[in-house]
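Read through the structure below, which is laid out as structure tokens, and then see the notes.
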Amino acid sequence: MKRILKSVIVPATFVFFFVWVLSACSAEKGGIKQPADYKKALTAINPDFMITPDEAYEWHLHKDKGGPTYSGNASWQSYMSLIEKKLKKYGVVDITKNKWTYKRWYTSDWPDDSNWTLVSDGQPVKVAHYGAYSGSTGPQGITSNMVLYTPKTPMASLKGKIVVFRTAPHPKPPLDEKYKKWFTLNDYEYRHQDKDFPPLFTQIPPSQSVSYDVWWQLRQTVMVYKVLRKSQAAGGVVVFNMGYDRLSGLYSFPVLPQYNAPNLYVDRVAGAKLIKDAKAGKKATIKLLAKVEPTETYQLIGYLPGRHYGTPQDEQILLTTHTDGPAALQDNGALGLLGIVGYFSHIPQSERPRTLMLYLDNRHYMPGMEKAFAKQDYFTKNPAAKKSIVALVATEHLGQIEFREVDDKYEPTGKLEISFLWSRNNQMLIDKAIKAVQDNNWPRVMVQSVERPGKHGGPQGIWYGLGKIALAWDLPGYGTMGAQGAYWATTARIDTFNKEHFVTDVAAMSQLTGELMLADFK
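So the number in the numbering used here is just where the residue sits in the sequence shown, counting from 1, plus 22.
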């Protein structure tokens, strides 16, 4: 060997290659991991690049410790600090905080009900939660006669009164198209674990899953808001057709602009006497003690650079979600995106064909929501930032489990919550979505493309969440979320989190992000 080395001059590059080949062969025999195939890892998940279930749990535990993460509050600030710290660790650069100040309304959150109480005809009534941004009564509360609202009630008769509302029951079949689109399971392109879904376009009772019933009832708070404002009522009480355990902590949604007609939420058991008293015109006292304070908040923007970052050739995939919400998993889409960025941080910048641009929005649970703060939005202020964006990925409501209510017993069903994976109307994108579901064995997920009929010829429902930006901006893209029956309420904490399911969500969406990195959009 020494004679050969002395007599033969071998180029250094050849020596390196020869040694690498020998090492690789030896490694294969010894079971040692091979050097990463980065191109393959873009579209076939490398488990070594993924976050672990325990790591995902630690992220969520940090988020959950502070309780609800309403935009700008202390819990939200802690959550955003964690996200920013991890993003920097993963190589995200040029982080920008698009800041502004808004008037944040708040009161005590369940189980602390000391700031929201109700007395009807001299008897205390158990209150499950409050109407967010509905004003404040002062320490003595508001006392007035009650009146039971019906659609035929004259507005003038409500002025100065405490108005009692009952959520309307679901319509009886045959169901109209609007109801089916919003409140039933719609058609699809593909379903994984196909037998484990309710029938299409059919009412789903709360005894099977609460996911559609809670959405049906919660949306009726918009009507409550309109009636209370128009009638100049003193305040209101909404009687939901839910048991106390399901209703407790339920946060108002859509979140409406701030108004001054304090209202409270009660369950059907407490509401039975209240309705009787309202029909008789009995007096009631509502107390809702709330504060309003200027609060700084921000959208977080950042970039995981691709190979052309900082040049005119750079193309970007927008990763987006909202960062504010009442439950541990309502706004955990940012942790999903963190998992995606963490995955691609293992791939060298030179091997990342496109840049990942993060756009973490803060307006979903602010008064009036995104529309009310359109002027403050990052892209409104920086329209040129859209020019390099060629695709989109959105994540919300990840790692969730399904709940049901049988009589007044509220409990998990033992199943994962149904998830939706939305794709733009492009067969290549849809095929890639189906492949990602199959490759990662993503349970109880429906692939949908809302722009065309599904495999049975029916409509494919609504694209919810920030992912629908793909429709508004006409971008190739994907969005996912769980149906989130339990996760409208502050009571849904870390004990409702399935860490393995979360990692599966992240793996599938990472694979689709890689597909968008390689896709030819021309």
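In this text, a Cβ means the ideal position worked out from N, Cα and C, and glycines have one as well.
These numbers come from a predicted model, not from an experiment.
Give the secondary structure of residue i by DSSP, where H, G and I count as helix, E and B as strand, and everything else as coil.
i: residue 414; result: strand
i: residue 538; result: helix
i: residue 358; result: helix
i: residue 101; result: helix
i: residue 390; result: coil
i: residue 267; result: helix
i: residue 444; result: strand
i: residue 173; result: coil
i: residue 49; result: Residue placement at residue 49 is flagged as unreliable, the pLDDT there being 38, under the threshold of 50; the coordinate-derived value follows with that caveat. Here residue 49 sits in helix by DSSP.
i: residue 84; result: helix
i: residue 350; result: coil
i: residue 477; result: coil
i: residue 27; result: With a pLDDT of 31 at residue 27, under the threshold of 50, the predicted position of this residue should be treated as unreliable, though the coordinate-derived value follows. In this structure, residue 27 counts as helix in the three-state DSSP scheme.
i: residue 396; result: helix
i: residue 369; result: coil
i: residue 531; result: helix
i: residue 43; result: In this prediction, residue 43 has a pLDDT of 39, which is less than 50 and means its spatial position is unreliable; nothing more can be read from the coordinates.
i: residue 523; result: helix
i: residue 333; result: coil
i: residue 234; result: helix
i: residue 272; result: strand
i: residue 96; result: helix
i: residue 79; result: helix
Determine, using beta carbons only, whether residue i and residue j come nearer to each other than 7 Å.
i: residue 386; j: residue 419; result: no
i: residue 286; j: residue 451; result: no
i: residue 383; j: residue 321; result: yes
i: residue 83; j: residue 440; result: no
i: residue 487; j: residue 309; result: no
i: residue 148; j: residue 292; result: yes
i: residue 427; j: residue 228; result: yes
i: residue 535; j: residue 415; result: yes
i: residue 533; j: residue 422; result: no
i: residue 271; j: residue 151; result: yes
i: residue 127; j: residue 155; result: yes
i: residue 205; j: residue 239; result: no
Checking the sheet assignment: what are the DSSP bridge partners for residue i?
i: residue 547; result: The structure shown does not extend to residue 547, since the chain is modelled only from 23 to 544, so the question has no answer here.
i: residue 468; result: 213, 442
i: residue 258; result: 185, 285
i: residue 344; result: 383
i: residue 316; result: 125
i: residue 146; result: 141
i: residue 339; result: 378, 413
i: residue 119; result: 322
i: residue 91; result: 347
Alpha helix (DSSP H) containing residue i: first to last residue?
i: residue 180; result: Looking at the DSSP string, residue 180 is not in any alpha helix (DSSP H), and its letter there is neither H nor E.
i: residue 298; result: 290-301
i: residue 242; result: Counting along the chain, residue 242 falls outside any alpha helix (DSSP H), and DSSP gives it neither H nor E.
i: residue 402; result: 400-403
i: residue 450; result: 449-461
i: residue 60; result: 60-65
i: residue 201; result: 199-205
i: residue 190; result: First-last for residue 190: undefined, no H or E at that position.
i: residue 491; result: 491-494
Return the residue from the list the options that minimises the CA-CA distance to residue i.
i: residue 544; options: 170, 498, 237; result: 498
i: residue 22; options: 228, 223, 279, 398; result: Given that the chain is displayed from residue 23 to residue 544, the structure contains no residue 22 and the question cannot be resolved.
i: residue 512; options: 114, 58, 63, 135; result: 135
i: residue 159; options: 255, 494, 516, 450; result: 255
i: residue 353; options: 80, 58, 101, 77; result: 101
i: residue 337; options: 376, 346, 351; result: 376
i: residue 429; options: 288, 230, 104, 472; result: 230
i: residue 400; options: 119, 111, 58, 64; result: 119
i: residue 86; options: 348, 359, 473, 318; result: 348
i: residue 391; options: 62, 276, 351, 121; result: 276
i: residue 445; options: 365, 307, 208, 493; result: 493
i: residue 598; options: 153, 203, 424; result: The first residue shown for the chain is 23 and the last is 544, placing residue 598 beyond what the model contains.
i: residue 182; options: 195, 295, 168, 221; result: 168
i: residue 342; options: 411, 480, 389, 331; result: 411
i: residue 471; options: 59, 500, 62, 237; result: 500
i: residue 131; options: 88, 112, 145; result: 88
i: residue 222; options: 91, 241, 201, 69; result: 201
i: residue 129; options: 111, 90, 62; result: 90
i: residue 80; options: 537, 542, 525, 530; result: 525
i: residue 443; options: 68, 485, 314, 510; result: 485
i: residue 329; options: 173, 366, 226; result: 366
Considering residue i, what are the terminal residues of the beta strand (DSSP E) in which it resides?
i: residue 438; result: 431-438
i: residue 425; result: 423-428
i: residue 503; result: 499-504
Just to check, is the beta-carbon of residue i closer than 6 Å to a non-hydrogen atom of the ligand SAH?
i: residue 339; result: For the structure depicted, the ligand SAH is absent and the ligand set is empty, with no information on it obtainable.
Contact criterion: CB-CB distance below 7 Å. Does residue i meet it with respect to chain B?
i: residue 307; result: No chain B appears in the structure shown, which is made up of a single protein chain.
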